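S.K.:
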Amino acid sequence: MDQNQLAWIANFVWGIADDVLRDLYVRGKYRDVILPMIVLRRLDAVLEPSKQAVLDMKVTLDSARIVHQDQTLRQAAGQAFYNTSKFTMRDLKARTSQQQLKADFEAYLDGFSPNVQDILENFEFRNQIPRLSKADALGTLIEKLLSPDINLSPNPVLNRDGSLKQPGLDNHGMGTVFEELIRRFNEENNEEAGEHWTPRDAVKLMTKLVFLPIADEIESGTYLLYDGTCGTLGMLTVGEETLQDLAQARGKQVSIHLYGQEINAETYAIAKADLLLKGEGEAADNLVGGPEHSTLANDAFPAHEFDFMLSNPPYGKSWKSDLERMGGKDGIKDPRFIIEHAGDAEYSLITRSSDGQLMFLVNMLSKMKHSTKLGSRIAEVHNGSSLFTGDAGQGESNIRRWIIENDWLEAIVALPLNMFYNTGIATYIWVLTNRKPAHRKGKVQLIDATQWYKPLRKNLGKKNCELADEDIGRVCETFLAFNETAHSKIFPNAAFGYWKVTMERPLRLTVALTDPNRARFRAACVEANEEPLANLADRLAASLGPGPHADYNTFLAHVEADAERHGVKLTGKRLKLLQGGLAQRDETAMPVIKKTHKKGVAPDPLRGLCAATIGGKPAVVEYEPDPDLRDTEQISLLEPGGIEAFIRREVLPHVPDAWYDPASVKIGYEISFTRYFYKPQPLRTLAEIRADILAVERETEGLLDEILGEES
5 MDQNQLAWIA NFVWGIADDV LRDLYVRGKY RDVILPMIVL RRLDAVLEPS
55 KQAVLDMKVT LDSARIVHQD QTLRQAAGQA FYNTSKFTMR DLKARTSQQQ
105 LKADFEAYLD GFSPNVQDIL ENFEFRNQIP RLSKADALGT LIEKLLSPDI
155 NLSPNPVLNR DGSLKQPGLD NHGMGTVFEE LIRRFNEENN EEAGEHWTPR
205 DAVKLMTKLV FLPIADEIES GTYLLYDGTC GTLGMLTVGE ETLQDLAQAR
255 GKQVSIHLYG QEINAETYAI AKADLLLKGE GEAADNLVGG PEHSTLANDA
305 FPAHEFDFML SNPPYGKSWK SDLERMGGKD GIKDPRFIIE HAGDAEYSLI
355 TRSSDGQLMF LVNMLSKMKH STKLGSRIAE VHNGSSLFTG DAGQGESNIR
405 RWIIENDWLE AIVALPLNMF YNTGIATYIW VLTNRKPAHR KGKVQLIDAT
455 QWYKPLRKNL GKKNCELADE DIGRVCETFL AFNETAHSKI FPNAAFGYWK
505 VTMERPLRLT VALTDPNRAR FRAACVEANE EPLANLADRL AASLGPGPHA
555 DYNTFLAHVE ADAERHGVKL TGKRLKLLQG GLAQRDETAM PVIKKTHKKG
605 VAPDPLRGLC AATIGGKPAV VEYEPDPDLR DTEQISLLEP GGIEAFIRRE
655 VLPHVPDAWY DPASVKIGYE ISFTRYFYKP QPLRTLAEIR ADILAVERET
705 EGLLDEILGE ES
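This is how it looks when you write it as structure tokens:
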């Protein structure tokens, strides 16, 4: 079903909601009624042909006093669900009594199988029935949903001659309709539209990127597909269809099992309903959802591994409540997020609480198969922040480092802007696998597909373009070819890594013991109840003179000697007060010595071990770093000669006294599409600029003539 038909269905349903519920609910609350009613109508349409068979079987089972009836009633219905009440929606349409309709409708709901009851509970739909009944809106709503003008069933409606009257509405199409309705409901309430629903064109591309590289390696057997943020399950069902088609085309028989987790109760209910409609009762049992089932804080499949994984996690969304449930940032022990890597037994993959999208990718990576021929393949949608946010050593950077150093990242595809219904921001598909082919090992492919799209005739929310089949084919062809082109760049893994190096420079202090300086210092000492220190400064001024004293090390030696003679204990607090009250930074002063090393330590000025002369003897010292002069350098892991070569070439010619501490070096990873695909706009020629200036001058002269003409 194309986008125009789906938009028409969404408009039709919106019209029903507006006609029936306008004076009963604010528009933002239409969803509480309309979404479950659509699901009920879909279920009802599927069950209509086998209704009598279910009722007859129910009588037989009750007569035989059989308690466990679920499987038998499913068989009678020919579906993974059933309804044992004597009513269908068409029966309820005829009710004229408001009270009778309410009682019969509740009996109708009570007749559904346990798996449908779970759906109704997540919709919290029974809470709406008294209000609908009291306003006499329930019957009208049922009547309009039974209109022959609309088909909400997954099965097509045929004319008497067998020709197609209305196509069936598959679950991804139903999901698109739901998303459009939810977007409208939320816009009416001035609310954000929530999770970014993944349009079918993006899903088709994702599934092809996952399956095409291994299409010829698919063997007959069982495959498990997983989505940790499954929404209405459209992504997994498209994945299932794609895998089935590829297998059948190669003469393979595959059995596919879907697994999903979804925190939003409404979308979980919709997804479960669609699985039941497809007759996949077992798959419906593999779907876990509701507010208590957060993928991050409450993983529903901790011991499972999956062959293929597809997901569009929420981005730019806080996961602070999950973080608190998991024990807080310092208390998380979840083995998905605290791992061993790069010699660190507690390597953290925990991101900022304001955006947890990469945590969902970590969750999927924790479920990869490592013992099978194909391993696992993953495609996940992210916004741009996943490429570069997080400094070296922080969660986001650590995740990128862990992925790339394990050689799991195969490619990243930049999608066109305005691809999604509820956001116009830049989005990217990450493609990962733990079974890279030989020609991809140690490399990452970046594909710029931002200009490969077809404009939509009419916007769907913020979506104003789509990937046509030829666009999807072009991306896949570029991906599989694995060649350098204007739209495809290939890099060694290390190209995205860098050392974050903290550069230090020595603290240089000068001391002036002038009368005004000492007066200010005495006031500070009196306030701090440290008057003996002020007396010490006065004595030094008398013995050393007012200065300025440009060697703080020598000055400090005089301080220590005077303090010892007069019984003044030099605590850390007093030394800090002395430095802060009397000393000033001076780039011409001698560096302040922090530590003098014992004999035998070799000088290494690049690492802060500097040769000096103390008491007329050679020594190796460390200088006190000046926090105000501290700087950082980001040095590529591919830098020839490494960190030290970079410092000698780029830093020391400008600041010869700089050094770095190897223990402070951190490794980070980031990916910049802008850097790799930026195309500078050509500068205009002098002739073009001159022509523009002359045109402005002529225009100005005309205005002046006009003004002067009016004055005369």
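My numbering puts the first residue of the sequence shown at 5, with every later residue one more than the last. Even glycine gets a Cβ: it sits at the ideal position worked out from N, Cα and C. Note that this is a predicted model, so its numbers are computed, not measured.
State the DSSP-derived secondary structure class of GLU703, mapped to helix, strand or coil.
M.R.: If DSSP states are grouped into helix, strand and coil, GLU703 belongs with the helices.
S.K.: State the start and end residues of the unbroken beta strand (DSSP E) segment that holds GLU286.
M.R.: From DSSP, GLU286 is part of no beta strand (DSSP E) but of the alpha helix (DSSP H) over 285–289.
S.K.: Which same chain residues, not among the five before or five after PHE16, have their C-beta less than 6 Å away from its C-beta?
M.R.: The answer, listed in chain order, is ILE154.
S.K.: Mind listing, in chain order, the continuous alpha helix (DSSP H) runs of no fewer than 4 residues lying wholly within the segment 197–266?
M.R.: Listed in chain order, they are 204–215, 238–253.
S.K.: From LEU471, ASP555, PRO631, pick the residue whose C-alpha is nearest to that of PRO203; which is it?
M.R.: PRO203 has its Cα closest to that of LEU471, out of LEU471, ASP555, PRO631.
S.K.: Following the continuous alpha helix (DSSP H) through LEU484, name the residue where it begins and the one where it ends.
M.R.: Note, LEU484: alpha helix (DSSP H), 473–485.
S.K.: Only counting the same chain, and skipping five residues up and downstream in sequence, which positions put a Cβ closer than 8 Å to that of PRO118?
M.R.: So the qualifying residues of the chain are ASP74.
S.K.: With ALA275 as the anchor, note down where its alpha helix (DSSP H) starts and where it stops.
M.R.: It spans 269–281 - the alpha helix (DSSP H) in which ALA275 sits, taken as one unbroken run.
S.K.: Counting along the chain, where does the beta strand (DSSP E) carrying VAL530 start and finish?
M.R.: Looking at the DSSP string, VAL530 is not in any beta strand (DSSP E); the run it does join, the alpha helix (DSSP H), is 519–531.
S.K.: Inspect the beta-carbon positions of TYR673 and GLY501 and report whether they are closer than 8 Å.
M.R.: Yes, the Cβ-Cβ distance between TYR673 and GLY501 is below 8 Å.
S.K.: Measuring CB atoms only, is the segment 529–538 touching the segment 683–700, in the sense that at least three cross pairs come out at less than 8 Å?
M.R.: No contact exists between the segment 529–538 and the segment 683–700.
S.K.: Quick one: does PHE364 have its CB under 8 Å from some CB of chain C?
M.R.: Although the question refers to chain C, the structure presented lacks it and comprises just one protein chain.
S.K.: Pick out whichever of VAL30, GLY388, GLN449 has its Cα sitting closest to the Cα of VAL435.
M.R.: Measuring from the Cα of VAL435, the nearest candidate turns out to be GLN449.
S.K.: DSSP three-state call for PHE310: helix, strand or coil?
M.R.: Strand at PHE310.
S.K.: Give a yes or no on whether the C-beta atoms belonging to LEU314 and MET423 are separated by under 8 Å.
M.R.: Not a contact, by the Cβ cut-off of 8 Å.
S.K.: At the level of alpha carbons, what is the spacing between LEU247 and LEU228?
M.R.: Spanning the two alpha carbons is a distance of roughly 11 Å.
S.K.: Residue range of the alpha helix (DSSP H) that TRP406 falls in?
M.R.: Taken as a continuous stretch (DSSP letters only), the alpha helix (DSSP H) holding TRP406 covers 399–409.
S.K.: Excluding the 5 residues flanking PRO609 on each side, which residues of the same chain have their C-beta closer than 7 Å to its C-beta?
M.R.: If we look at PRO609 and ignore the five residues flanking it on each side, its Cβ neighbours are TRP663.
S.K.: For the alpha helix (DSSP H) that THR689 lies in, which residues bound it at each end?
M.R.: No alpha helix (DSSP H) contains THR689, which DSSP labels as neither H nor E.
S.K.: Assuming contact is defined by CB atoms lying nearer than 8 Å, are VAL58 and ALA84 in contact in what I supplied?
M.R.: No, Cβ-Cβ distance for VAL58 and ALA84 is not below 8 Å.
S.K.: Using three-state DSSP, classify PHE116 as helix, strand or coil.
M.R.: PHE116: strand per DSSP, three-state reduction.
S.K.: Give the DSSP bridge partners of HIS553, in chain order.
M.R.: For HIS553, which the question treats as bridged, DSSP gives the partners VAL515.
S.K.: Report the residue from LEU581, GLU564, THR489 whose alpha carbon sits nearest the alpha carbon of VAL530.
M.R.: Per the Cα distances, LEU581.
S.K.: What's the call for HIS200, buried or exposed, on a 16-neighbour Cβ count within 10 Å?
M.R.: A caution first: HIS200 carries a pLDDT of 43, below 50, which makes its placement in the model too unreliable to give a value.
S.K.: Of the choices SER322, ASP174, LYS97, whose alpha-carbon is the least far from that of PRO160?
M.R.: Out of SER322, ASP174, LYS97, ASP174 has the C-alpha closest to the C-alpha of PRO160.
S.K.: For PRO217, count neighbouring C-beta atoms within 10 Å of its own C-beta (all shown protein chains included) and say buried if the count is 16 or more, exposed if not.
M.R.: Flag for PRO217 reads buried.
S.K.: My understanding is that LEU150 touches MET93, with C-beta atoms under 8 Å, so please give their C-beta distance in whole angstroms.
M.R.: Rounded, the Cβ-Cβ distance is 6 Å, consistent with contact.
S.K.: Determine the burial state of ARG718: buried for a count of at least 16 other Cβ atoms within 10 Å of its Cβ, exposed for fewer.
M.R.: One cannot answer for residue 718 here, as it falls past the ends of the chain, which runs 5 to 716.
S.K.: Apply the 10 Å Cβ neighbour rule to GLU195 and answer buried if 16 or more other Cβ atoms are within range, or exposed otherwise.
M.R.: The predicted model places GLU195 with a pLDDT of 45, which falls under 50 and marks its position as unreliable; any figure quoted below should be read in that light. By the 10 Å Cβ count, GLU195 comes out exposed.
S.K.: Report yes if the C-beta distance between PHE677 and ALA383 is below 8 Å; otherwise report no.
M.R.: Taking 8 Å as the Cβ cut-off, PHE677 and ALA383 do not qualify as a contacting pair.
S.K.: What are the residues that DSSP puts in a beta bridge with SER315?
M.R.: For SER315, which the question treats as bridged, DSSP gives the partners GLU384.
S.K.: Helix, strand or coil: how does DSSP classify GLY32 here?
M.R.: Reduced to three states, the DSSP call for GLY32 is helix.
S.K.: Taking DSSP as the reference, what is the three-state secondary structure of ALA683?
M.R.: Per the sequence shown, the amino acid found at residue 683 is Lys instead of Ala. Correct three-state label for LYS683: coil.
S.K.: Taking contact to mean at least 3 C-beta pairs separated by less than 8 Å, is the segment 438–449 in contact with the segment 324–333?
M.R.: Result no; under three Cβ-Cβ pairs closer than 8 Å.
S.K.: Please determine, among LEU378, HIS297, LEU213, the residue with the shortest C-alpha to C-alpha distance to ILE451.
M.R.: Out of LEU378, HIS297, LEU213, LEU213 has the C-alpha closest to the C-alpha of ILE451.
S.K.: Return the bridge partner residues of ALA396 from the DSSP annotation.
M.R.: Paired residues: none, contrary to the question.
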